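Engineer: Note that the numbering used here numbers the sequence shown so that position 173 is 173, with each residue one more than the last.
No residue lacks a Cβ here, since even glycine has one placed at the ideal position from N, Cα and C.
It should be emphasised that the depicted structure is a prediction, and the values quoted were computed from it without experimental measurement.
Below you will find the structure I want to go over with you.
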Amino acid sequence: MELHQHTSKLFVCSAVDCKDEIEEKFERSFINLQMQIVGLCDKEMHDLLSQVVCKDKQYEEISIGFLYIMLTDPTMAPKTYRDVTLVSRDGMNAIVSNLTLLVAEKYTKLTEIARRQLIWVLREFVKHQVLNVENVIWNCLRQAGGGDASQKNLYLVENLLDIFIEFRTWLEGNPFLVQSTVYSYVRLIEDHANPALMPLRQKEVKFTISLIRERFHDIIPLGRDFVRLLQNVARIPEFEKLWRDILYNPKTLHPTFNGIWHLLQIRTSRRFLQCRLLPEMERKISFIASSVKFGYQKRYQDWFQDKYFATPESHSLRSDLIRFIINVIHPTNDMLCSDIIPRWAIIGWLISSCTNPIASANAKLSLFYDWLFFDPAKDNIMNIEPGILVMYHSIRNHPFVSSTLLDFLCRITKNFYVKNEDKIRMGVYNSLKLILEKQVIPNLQPLFESQKLDRELRNLIRENFREFLSSGISPSQSMFPSVHALQAYNFKKEIDQRVLHENVDFHGIGHGTVISLVDENNKLPLIPTDQEIESIFTDGPVEKLIKIHKIEENTDDDDDLPLSKVRLKEKPKVELAEAIAESFDAFTTKRNSYTWEAFLKDFRSVPSTAFDELQLSFVISNTVLILRETLPQENIFSESKTEEKFLAKSISYPLFGLFRFLYENDEKSKKPFQSLLSEICERIPEIGYLLLYFMKIHCKLQTRKNSQLSYQFKTTIYRQICDAKDDKVANCLVRDLDMLEKENTAVYLWLLPDIYREFKSIAINNTEILRITLRCIDAKNVRDLIYSVAQGKLTIFKQDGLDDCIRESLDFETYEQFCLWQIVQAHDVPLKSIQGLLPELEAGSHSEALSHFLLLLKNEEPTNEIIRLMLSREIKSRGDPFVTSALRFWCQRYEEKLSEIIASLLTSKYPSLSPNKRKRPSKGNSVSGSTPSADQILNHLEHYRRSCRHGTGTGLYVHDMMQRALQSAYSHSNENTKKQFSDLFALAAEDDTTAVGRRGGSGRGRKQPVSKKEINNHSTSKKNSELVKTIYSSDENSSEEDWSKSKITPAAKRRKKANNDSD
């Protein structure tokens, strides 16, 4: 097996993979071809192959062998393609056929080289217009999957797009391929919203829009599902313009096009729905719908979930799947009467397992999409059957599923297309009427008038579907408690995310599929058992299946009971171990913290051998449900941060009883308890920040009861929760704080000092937590944070690693950065811990950071290290105002010291002239990090000189070390540099003997006395200062300097004359 794995250059094979017929065929053909042509020259090879290809079997083998070489050897591919064209006798039909099969069946197993060569081969085929190459292209389009932002997928998407753009004329000659391409790329554009994919997305948008507008007569047959895809991208400007033309100027697109309703009346071909599923995905979902028994589907669903729904982008795939199941998978009568999992059960799983609210709304629209335009004369009842069955079979045990779907159907009927609301309503009416005529379900009353629906929803149903309600029930008779908290939670997240208005305010949509259960003899629908339905929406296994039986509507008083009690009553009785049976019954009955903690005490010590899989699933699913339902829908946090009664009440719910139990019991738990904890963490995502809130309140209350003891957070409990989530503490903490801030900013800020104290190793200098804090604070919050820092209650930053933290914050909003620097300043952070950022900051992008750095520099004396970092900054054409501002400020107080530091730094760039000065920078500062070049230093000095237009700050150049440094720089500069900095070098001209124009050391005998005189009497400094004032403003880029040039020339002449007199 390992031999095959290493020798195959075309396929990636693992140690457990066995070669199938296709792989064997390609490998064998390649080996046979090699054996025939080895050692032959080109002419001999062509002659031999021309004779061999006359036999059909050998011709196909040779064609596959050549294809194998082109896909695995990039260097030989051009020559091999030429050889193929010479020996081919069927226009390469054999190669195209086998390549089509290879792409459809084995693309995912191709090596990276093979995938890249596949694009090369396609490009060559299209360039030479090989027959039937569009079949290969279509299968490649199918492999460009939606909901997948991996590099492998993006490579295929972009390269296919490049082929379509380059060979646009060829593409437009195949209407079906134009339709498939437009349908596919409109769907893919939805997944490419990441800023990193903007270039690709823009290229896709430009190509797709032009193809739609220019070939709109080919686009019209795409029908209603194309409109559904256009909704998902309607906010992109180019598509928004297209929408306006479709709605208001349809004739501009095509003379025969009559508007949006024209498209909505056309049913989309199955082939376009099929092309948006990967071939492998299609095989898997078809297998589930045709071969898996109802009740045994969980492991298949788990595999499918892990394989295809593992990334955030994959949520959009649910809509594709639902549309495929509804329109493509139509089971036979034998399948409908068998124990195979029905379509509605698969769709129920796809919708109920979706956690993204927009994707969930899109999936529901995919389920009901055919209802909106249903015409009994030409549409198939199999397209509307799944929607009614998933609601009908869920109302008893899972009313929240039916409730959300009914609510969606009522609202979408009215708001999908306001202008044609009457036509939409007629489509839904026709759907329900045919459902009753064909007896897909016996009647609608158990669904529409169920007491498990809240009153508002029942009124909404009555308003929209009055014709299908019994006349004997009045609204006043439906006075029952509102839907439970879990339902309301779902409604809150899904409302207002699925409406299509004519003003181009669109949202996304999805796909769906369902199977009906019909008794052919009695024409009555069949319903699965409670166990079978439960297996769709819960993770618990089903012990065994019971034969499907005819429905008998339950009309007893169960509807008057709370949902959880109804569920427990309807479930088969499960015998539990004696150790927990009594406490579990007490908890499910009373549903309070006391009974919950008593149950946990019994349950924690029970070993896994005391449960079978069904018992454990029964316990976990019911406890999680009760914990979820007993949490208040809103205002879970305390109204007061000081009053004990409010604080105690806010942590009195059963979920907080779990935290209290963990707080008081540190011993290691048994496996069943760990399974329970993992399930709670999965089903209640808020558990992390609720635990942090609990520990804050609990410590506060306990400290008040016993002031002599100090109660602190037990971070080990939080780590235990993170372990149950199978994630790192740092990731969980950031995620929980992000959710908490979105839920309640005041509580988040209240907990913040405790978070930084108890999780200091994670929180301090954490940019993600810092970003969450900065995005929600106002001026008062900044003040309170600074107060806490000043009092020592809060530490957000430490010196080590602070520069990395600030570096990551440079792209924050302006207000966030100003708040950040206020907090940094409150920590009394020394400049040396962040000064390493100075060379990296850009004037145009990092204005906030530069402003605060300048304020910090004003409180510092210039040092070798600071000056080195500042002068290492990049020079723009108009200079660096930051460096100029700092130097001018320091010149007012530390002129001589500043001049010496810069001179020493400049001199160090020319060690051959003054070797003794090389060592100066190492005195008291580090030479590590950024080191400015000579040009950088000269540039900064030049721009500083230009800023001294009114004579201020010019003393920097008159000191002896600066004079010598400029002379040294002049001596070692080339002609271009001398010309560029001529005015700067002119500042070093003391007299004829030391003028920079006289290279070398002439006049050396007179220079030493001059230096002594400068040091002792400063007379020469005064002289040079007067000289500098005449040269300071020679900036050729400024209009003010044009005015000053007229003054410089006479001054320069007088200086020259004075020098001649002195000689």
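Would the beta-carbon of GLU124 fall within 9 Å of that of ALA94?
Structural biologist: As a first step, residue 124 must be located in the sequence shown, where it is residue number 124. As a first step, residue 94 must be located in the sequence shown, where it is residue number 94. No.
Engineer: Go ahead and pull the three-state DSSP assignment for LYS1071.
Structural biologist: Since the first residue shown for the chain is 1 and the last is 1063, residue 1071 is missing from the structure and cannot be characterised.
Engineer: May I ask you to verify whether the stretch 144-164 touches the stretch 321-330, counting CB pairs closer than 8 Å and requiring at least 3?
Structural biologist: no
Engineer: Assuming the contact rule is C-beta atoms closer than 8 Å, ALA965 and LEU871 should be a hit. Round their C-beta distance to whole Å, please.
Structural biologist: The residue labelled residue 965 in the question sits at position 965 within the sequence shown. The residue labelled residue 871 in the question sits at position 871 within the sequence shown. With 8 Å as the limit, ALA965 and LEU871 do not qualify as a contact, their Cβ atoms being about 13 Å apart.
Engineer: Which partner residues does LYS293 have in the DSSP bridge list?
Structural biologist: Walking along the sequence shown from the start, residue 293 turns up at place 293. ILE340, per the DSSP bridge assignment.
Engineer: How many whole angstroms separate the CB atoms of SER184 and ALA144, which I take to be in contact at a CB cut-off of 8 Å?
Structural biologist: In the sequence shown, residue 184 corresponds to position 184, counting from 1. In the sequence shown, residue 144 corresponds to position 144, counting from 1. Yes, SER184 and ALA144 are in contact; Cβ-Cβ is about 7 Å, under 8 Å.
Engineer: Would you kindly report the start and end of the unbroken alpha helix (DSSP H) that includes ASN139?
Structural biologist: Counting from 1 along the sequence shown, the entry for residue 139 is found at position 139. Element bounds for ASN139: 133-143.
Engineer: Work out the CA separation of PRO312 and LEU691 for me, nearest whole Å.
Structural biologist: Within the sequence shown, the letter at position 691 stands for residue 691. Within the sequence shown, the letter at position 312 stands for residue 312. Distance between the alpha carbons of LEU691 and PRO312: 26 Å.
Engineer: Do the stretch 216-224 and the stretch 173-180 touch if we need at least three Cβ pairs shorter than 8 Å?
Structural biologist: yes
Engineer: With a threshold of 16 other CB atoms inside 10 Å of the CB of PHE287, please say whether the residue is buried or exposed.
Structural biologist: Mapped onto the sequence shown, residue 287 falls at position 287. Exposed: under 16 other Cβ atoms inside 10 Å.
Engineer: To which residues does DSSP link PHE11 through a beta bridge?
Structural biologist: To locate residue 11, count along the sequence shown from 1; it is residue 11. Its beta-bridge partners are LEU110.
Engineer: Under a three-way DSSP split, which group does ASP723 fall into?
Structural biologist: Counting from 1 along the sequence shown, the entry for residue 723 is found at position 723. Three-state DSSP puts ASP723 in a helix.
Engineer: Tell me which residue opens and which closes the alpha helix (DSSP H) that LEU188 is part of.
Structural biologist: As a working mapping, residue 188 is identified with position 188 in the sequence shown. Its alpha helix (DSSP H) spans residues 175-191.
Engineer: Quick one: what does DSSP say ASP1061 is sitting in, helix, strand or coil?
Structural biologist: Taking the sequence shown and counting its residues from 1, the one referred to as residue 1061 is at position 1061. With a pLDDT of only 45 at ASP1061, under the threshold of 50, the placement of this residue in the model should not be trusted; the figure read from the coordinates follows. ASP1061 falls in the helix class under three-state DSSP.
Engineer: Start and end of the alpha helix (DSSP H) containing PHE985?
Structural biologist: The residue labelled residue 985 in the question sits at position 985 within the sequence shown. Here the alpha helix (DSSP H) through PHE985 covers 982-986.
Engineer: Output yes or no for whether 9 Å exceeds the beta carbon distance between LEU677 and GLN615.
Structural biologist: Translated into positions along the sequence shown, residue 677 becomes position 677. Translated into positions along the sequence shown, residue 615 becomes position 615. No, these two residues do not count as a Cβ contact at 9 Å.
Engineer: Just checking my contact of ASN939 with ILE875 at CB under 8 Å: how many whole Å lie between their CB atoms?
Structural biologist: The sequence position of residue 939 within the sequence shown is 939, counting from 1. The sequence position of residue 875 within the sequence shown is 875, counting from 1. Yes, ASN939 and ILE875 are in contact; Cβ-Cβ is about 4 Å, under 8 Å.
Engineer: Could you tell me the alpha carbon to alpha carbon distance between LYS1029 and THR863, rounded to whole angstroms?
Structural biologist: On the sequence shown, position 1029 is the one that residue 1029 refers to. On the sequence shown, position 863 is the one that residue 863 refers to. With a pLDDT of only 44 at LYS1029, under the threshold of 50, the placement of this residue in the model should not be trusted, and no figure is reported.
Engineer: When you compare each of LYS760, GLU813, ASP754 to SER788 by their alpha carbons, which one comes out closest?
Structural biologist: Walking along the sequence shown from the start, residue 788 turns up at place 788. Nearest option by C-alpha distance: ASP754.
Engineer: Confirm, please, whether the CB-CB distance from LEU86 to HIS128 is below 9 Å.
Structural biologist: Position 128 of the sequence shown, counted from the start, is the residue given in the question as residue 128. Position 86 of the sequence shown, counted from the start, is the residue given in the question as residue 86. Cβ distance not < 9 Å, so HIS128 and LEU86 don't count as in contact.
Engineer: In terms of alpha-carbon separation, which member of TRP303, TYR689, GLN702 lies closest to LYS742?
Structural biologist: As a working note, residue 742 is residue 742 in the sequence shown. The shortest C-alpha separation from LYS742 is found at TYR689.
Engineer: Between the Cα of ALA849 and those of PHE812, LYS251, ALA581, THR884, spot the shortest distance and give me the residue it belongs to.
Structural biologist: The count along the sequence shown starts at 1 and reaches residue 849 at position 849. Closest option to ALA849, Cα to Cα, is PHE812.
Engineer: At 4 residues or longer, what runs of the alpha helix (DSSP H) sit wholly inside the stretch 415-466?
Structural biologist: 421-437, 445-448, 455-464
Engineer: Excluding the 5 residues flanking PHE656 on each side, which residues of the same chain have their C-beta closer than 6 Å to its C-beta?
Structural biologist: The residue you call residue 656 lines up with position 656 of the sequence shown. Leaving aside the five residues that flank PHE656 on each side, the residues in its chain whose CB is nearer than 6 Å to its CB run, in chain order, PHE694.
Engineer: Taking the alpha-carbon of ASN420 as reference, which of THR181, ILE260, LYS696 has the nearest alpha-carbon?
Structural biologist: Against the sequence shown, residue 420 aligns to sequence position 420. Selection THR181, ILE260, LYS696 evaluated against ASN420 yields ILE260 as nearest (Cα-Cα).
Engineer: Does the Cβ of MET962 have 16 or more other Cβ atoms within 10 Å, making it buried, or fewer, making it exposed?
Structural biologist: As a working note, residue 962 is residue 962 in the sequence shown. Buried, by the Cβ-count rule.
Engineer: How big is the Cα-Cα spacing for ILE285 and ALA610?
Structural biologist: The count along the sequence shown starts at 1 and reaches residue 285 at position 285. The count along the sequence shown starts at 1 and reaches residue 610 at position 610. Approximately 37 Å between the Cα atoms of the pair.
Engineer: Give the secondary structure of VAL958 by DSSP, where H, G and I count as helix, E and B as strand, and everything else as coil.
Structural biologist: Walking along the sequence shown from the start, residue 958 turns up at place 958. DSSP places VAL958 in coil when its eight states are reduced to three.
Engineer: Could you check whether the stretch 188-200 touches the stretch 220-240, counting it as contact only if at least three pairs of C-beta atoms, one from each stretch, sit closer than 8 Å?
Structural biologist: yes
Engineer: Count the CB pairs spanning the stretch 639-651 and the stretch 670-685 that are closer than 8 Å, and state whether there are at least three.
Structural biologist: Touching, no.
Engineer: Skipping 5 residues on each side, what residues in its chain have a beta carbon closer than 7 Å to that of LEU242?
Structural biologist: Here the question's residue 242 lines up with position 242 in the sequence shown. So the qualifying residues of the chain are ILE209, ILE212.
Engineer: By alpha-carbon positions, which one of LYS793, PHE618, LEU987 ends up nearest to ARG757?
Structural biologist: Here residue 757 corresponds to residue number 757 of the sequence shown, with the count starting at 1. Answer by Cα proximity: LYS793.
Engineer: For PRO250, I'd like the list of residues in its chain whose CB is within less than 7 Å of its CB, leaving aside the five on either flank, ordered along the chain.
Structural biologist: Mapped onto the sequence shown, residue 250 falls at position 250. Counting only residues of its own chain and dropping the five nearest sequence neighbours on each side, PRO250 has a CB closer than 7 Å to the CB of PHE257, ASN258, GLY259.
Engineer: How about ILE806 and ILE769: are their beta carbons less than 9 Å apart?
Structural biologist: Numbered from its first residue, the sequence shown carries residue 806 at position 806. Numbered from its first residue, the sequence shown carries residue 769 at position 769. It is not a contact, given that the beta carbons lie outside the stated cut-off.
Engineer: Taking the alpha-carbon positions, what's the LYS547 to ASN135 distance?
Structural biologist: Within the sequence shown, residue 547 is the residue found at index 547, counting from 1. Within the sequence shown, residue 135 is the residue found at index 135, counting from 1. Below a pLDDT of 50, predicted positions are generally treated as unreliable, and LYS547, at 32, falls in that range; no measurement from the model is reported.
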